[in-house]
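Quick note: the sequence shown uses numbering that gives the first Met the number 0, first residue 0, plus one each step. Each residue gets a CB set at the ideal place from its N, CA and C atoms; glycine is no exception. Notes follow once the structure below has been shown.
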Amino acid sequence: MSFFGFLIKKNFYIHLGISLILSVVLLLVVIVLLKAYTRHGDAYVVPDLEGQMFDRLYENESTKVFNFSVTDSVYDNSLIPGSIIKQNPSPGSKAKEGRTIYLTVVSYTPKMSIMPELKDLTVRQAVTTLRTSGLKIRQVIFTPHFAGNSVLGHYFNGDTLLAGTEILEGSEIDLVAGLGNNISSRVPFVVGLTRDEARGSLQMASFNVGKEHYLDQVNPLHSKVYRQYPTSDLELYPGDSVTLYFRSDLNFDFDSLLRSTNPDTAVIEDLPADILLDSLELEEE
0 MSFFGFLIKK NFYIHLGISL ILSVVLLLVV IVLLKAYTRH GDAYVVPDLE
50 GQMFDRLYEN ESTKVFNFSV TDSVYDNSLI PGSIIKQNPS PGSKAKEGRT
100 IYLTVVSYTP KMSIMPELKD LTVRQAVTTL RTSGLKIRQV IFTPHFAGNS
150 VLGHYFNGDT LLAGTEILEG SEIDLVAGLG NNISSRVPFV VGLTRDEARG
200 SLQMASFNVG KEHYLDQVNP LHSKVYRQYP TSDLELYPGD SVTLYFRSDL
250 NFDFDSLLRS TNPDTAVIED LPADILLDSL ELEEE
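Laid out in structure tokens, this is it:
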């Protein structure tokens with residue numbers, strides 16, 4: 000009998016068919032078990048938790064399918080203690096039942112920070128250092144001095160604040176910096192940024208925030224810069240102020256605004272009359 004003689008035997012094909020059927024059945028069983036174990040396709044939309052109270056999350060049907068873990072807390076006296084200000088994964092994404100959502104909440108009691116040494120740093124470096132320490136800048140005051148844009152001193156509530164002093168996290172510090180050659184520079188484009196982001200951007204460029212106008216209800220989590228004056232096509236001197244106008248991203252489409260806005264032509268003609276008058280008065284000054 001030849002080596003391939005078994006190919007003409009009926010029993011070979013019967014056994015081959017049985018083997019194929021068993022293989023297919025086994026594969027299907029494995030797939031079904033994997034789906035049941037991993038809940039394949041059984042995903043839920045992650046809700047928007049910003050502004051909600053952490054201790055009431057499990058009262059909502061849309062949140063009962065998830066677990067929650069607080070990874071950070073921030074003290075801010077403009078926000079409600081215990082409320083959620085950040086989450087990961089982000090709202091609208093999909094996650095399986097039992098997925099842990101990591102949260103940042105507003106703490107009930109303020110933390111203490113250590114005032115860092117800022118003397119001789121540039122204003123940009125000082126802004127970054129303060130933010131890393133959990134502190135903020137209220138304003139930058141420039142004074143005639145050969146060390147242009149270098150920090151000469153720092154104050155809190157009008158008193159000298161020494162490096163190493165304990166101070167409440169989130170406190171606003173005044174910086175005194177050298178004016179140097181008094182060279183003007185271009186205003187940053189801050190439309191679409193949050194208040195803190197806009198203040199940081201302007202301060203790092205050695206400018207201050209002037210008047211702040213809110214065209215919608217004030218909401219620290221959702222208020223963003225809608226207009227600025229002067230616009231980013233103009234130049235100012237160190238220490239000059241920029242007026243900001245805010246709207247809520249819950250009521251206004253900032254994506255469309257940014258797509259249609261040229262940073263060099265961020266006009267303010269569509270502002271309310273009383274606010275527009277303030278802008279015109281600033282322009283005349």
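| Item | Value |
| --- | --- |
| Own chain residues within Cβ distance below 6 angstroms of Gln51, not counting five before or after | Ile83 |
| Candidates Ser255, Phe188, Glu211 and His221, of which the one nearest Glu234 by Cα | Phe188 |
| Cβ neighbour criterion (16 or more within 10 Å) applied to Arg123 | exposed |
| Per-residue burial, Lys223 [other beta carbons within 10 Å of its own, 16 or more giving buried] | buried |
| Residue ranges of each alpha helix (DSSP H) within the stretch 187-268, 4 or longer | 194-203 and 253-259 |
| Leu174 (DSSP reduced to helix, strand or coil) | strand |
| Inter-stretch contact at 8 angstroms, needing at least 3 Cβ pairs: the stretch 137-150 / the stretch 161-168 | no |
| Alpha helix (DSSP H) segment containing Thr128, residue limits | Val122 to Thr131 |
| For Leu249 and Leu19, the rounded distance between their alpha carbons | 58 angstroms |
| Whether Phe245 touches Leu214 by CB criterion (8 angstroms) | yes |
| Stretch pair the stretch 194-210 + the stretch 19-32: three plus CB contacts closer than 8 angstroms | no |
| Nearest candidate by alpha-carbon position, reference Val45, set Glu60, Asp54 and Leu32 | Glu60 |
| Under the three-state DSSP convention, the category Glu165 falls into | strand |
| Touching by the beta-carbon criterion (3+ pairs, under 8 angstroms), the stretch 62-82 and the stretch 96-112 | yes |
| Where Asp158 falls: helix, strand or coil (DSSP) | strand |
| Reduced DSSP secondary structure (H/G/I, E/B, other) of Phe65 | coil |
| Residues near Glu211 by beta carbon distance below 6 angstroms, same chain, minus five either side | Leu243 |
| Stretch pair the stretch 107-120 + the stretch 90-97: three plus CB contacts closer than 8 angstroms | no |
| Asn76 and Gln138 closer than 8 angstroms at C-beta | no |
| Expected contact under 8 angstroms - CB spacing of Pro229 and Ser205 to nearest Å | Contact doesn't hold; Cβ gap of about 14 angstroms is too wide. |
| Contiguous beta strand (DSSP E) assignments of at least 3 residues, all confined to the stretch 73-143 | 83-87, 93-95, 99-105 and 111-113 |
| Straight-line gap, Leu48 to Asn66 (C-alpha atoms, nearest Å) | 13 angstroms |
| Environment of Val29 [buried if 16+ CB atoms lie within 10 Å] | exposed |
| C-beta atoms of Gly209 and Val241 nearer than 8 angstroms | yes |
| Buried versus exposed call for Gln86 [16 or more other C-beta atoms within 10 Å across all chains shown] | buried |
| Exposed unless 16 or more other CB atoms sit within 10 angstroms - verdict on Leu56 | buried |
| Inter-residue Cα distance where the pair is Thr164 and Phe253 | 41 angstroms |
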